Amino acid sequence: MADEKTKNGRVLRIVLVVSLALNLAVVGLVAGSFASGRVGDGPPRSFDLGLGPMSRALAPEDRREIGTALRHARPMGEYNPRRQVTLMIATLRATPFDPEALRDLIVEQAEHGTQIQNVAQDVVIDHITTMSDESRVAFADRLQDELTKVRPRPERN
11 MADEKTKNGR VLRIVLVVSL ALNLAVVGLV AGSFASGRVG DGPPRSFDLG
61 LGPMSRALAP EDRREIGTAL RHARPMGEYN PRRQVTLMIA TLRATPFDPE
111 ALRDLIVEQA EHGTQIQNVA QDVVIDHITT MSDESRVAFA DRLQDELTKV
161 RPRPERN
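Heads up: the sequence shown runs through residues 11 to 167, numbered per our numbering.
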């Protein structure tokens, strides 16, 4: 019984770690799209980068300008999210399994995620600073609307 609980706990921990890693990889891929210039001048893409309701409350032209500023800021630097995912998969498949190697990969991904989020926050703050009083008040109104929206919760199975 104790062995089964230990095994289930270990499996759950691995699943949670892999889930976290994949979430960070998605953030990295989104930011990488901005940083590499692969996001064109078409309709504004939905991006969050940890800004939550603030990014949803931005006007489309503001999102476009912020996206352009993010591409120029190059928050990803030399970080390659695809390479990180490849390393993660190889680490998970390795025998013997090296938990420290996995931990190092996850820490590196988290650090890059934080770096990207910080750059995104700076870009948004810089953009808001340049807004006219009218634009900033309109943004505040949209933000308030965004915060008071009732969003349906996904059903739990």
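Glycine included, each C-beta is placed from N, C-alpha and C at the ideal position.
Being a predicted model, the structure only gives us computed values, none of them experimental.
Just how far apart, CA to CA, sit T96 and G62?
-> As a first step, residue 96 must be located in the sequence shown, where it is residue number 86. As a first step, residue 62 must be located in the sequence shown, where it is residue number 52. If you take the alpha carbons of T96 and G62, they lie about 29 Å apart.
Please state whether DSSP places A69 in a helix, a strand or coil.
-> In the sequence shown, counting from the first residue as 1, residue 69 sits at position 59. Coil, per DSSP.
Whole-Å CB distance - Q125 paired with P85, under 8 Å assumed = For the purposes of this step, residue 125 is taken as residue 115 along the sequence shown, with counting starting at 1. For the purposes of this step, residue 85 is taken as residue 75 along the sequence shown, with counting starting at 1. Confirmed, about 6 Å.
For D72, count neighbouring C-beta atoms within 10 Å of its own C-beta (all shown protein chains included) and say buried if the count is 16 or more, exposed if not.
-> Residue mapping note: residue 72 aligns to position 62 of the sequence shown, counting from 1. Looking at its Cβ environment, which holds 16 or more other Cβ atoms inside 10 Å, D72 is buried.
Nearest-angstrom Cα separation, counted from A67 out to R163 | In the sequence shown, residue 163 corresponds to position 153, counting from 1. In the sequence shown, residue 67 corresponds to position 57, counting from 1. Straight-line Cα distance between these residues: approximately 20 Å.
At what residues does the alpha helix (DSSP H) containing T224 begin and finish?
-> Residue 224 is absent from the model: the chain starts at 11 and stops at 167.
Run of the alpha helix (DSSP H) containing P91, from where it starts to where it stops | Translated into positions along the sequence shown, residue 91 becomes position 81. 91-103 is the extent of the alpha helix (DSSP H) around P91.
Alpha carbon to alpha carbon, what distance is there between H137 and T78?
-> Locating residue 78 in the sequence shown gives position 68, where the first residue counts as 1. Locating residue 137 in the sequence shown gives position 127, where the first residue counts as 1. Taking the straight line from one Cα to the other gives about 11 Å.
Apply the 10 Å Cβ neighbour rule to T101 and answer buried if 16 or more other Cβ atoms are within range, or exposed otherwise.
-> On the sequence shown, residue 101 is found 91 positions in, with the first residue counted as 1. Its Cβ being crowded by 16 or more others within 10 Å, T101 is buried.
With distances taken between CB atoms, is the gap from M98 to L153 smaller than 8 Å?
-> As a working mapping, residue 98 is identified with position 88 in the sequence shown. As a working mapping, residue 153 is identified with position 143 in the sequence shown. No, Cβ-Cβ distance for M98 and L153 is not below 8 Å.
Can you tell me which of the three DSSP states E144 falls into?
-> Taking the first residue of the sequence shown as 1, we reach residue 144 at position 134. If DSSP states are grouped into helix, strand and coil, E144 belongs with the helices.
For A120 and D114, the rounded distance between their alpha carbons = On the sequence shown, position 104 is the one that residue 114 refers to. On the sequence shown, position 110 is the one that residue 120 refers to. So the alpha carbons of these two residues sit roughly 10 Å apart.
On the premise that L80 lies in contact with A111, defined as a C-beta separation below 8 Å, what is that separation, rounded to the nearest angstrom?
-> Position 101 of the sequence shown holds residue 111. Position 70 of the sequence shown holds residue 80. The pair is not a contact, with the Cβ atoms about 31 Å apart (cut-off 8 Å).
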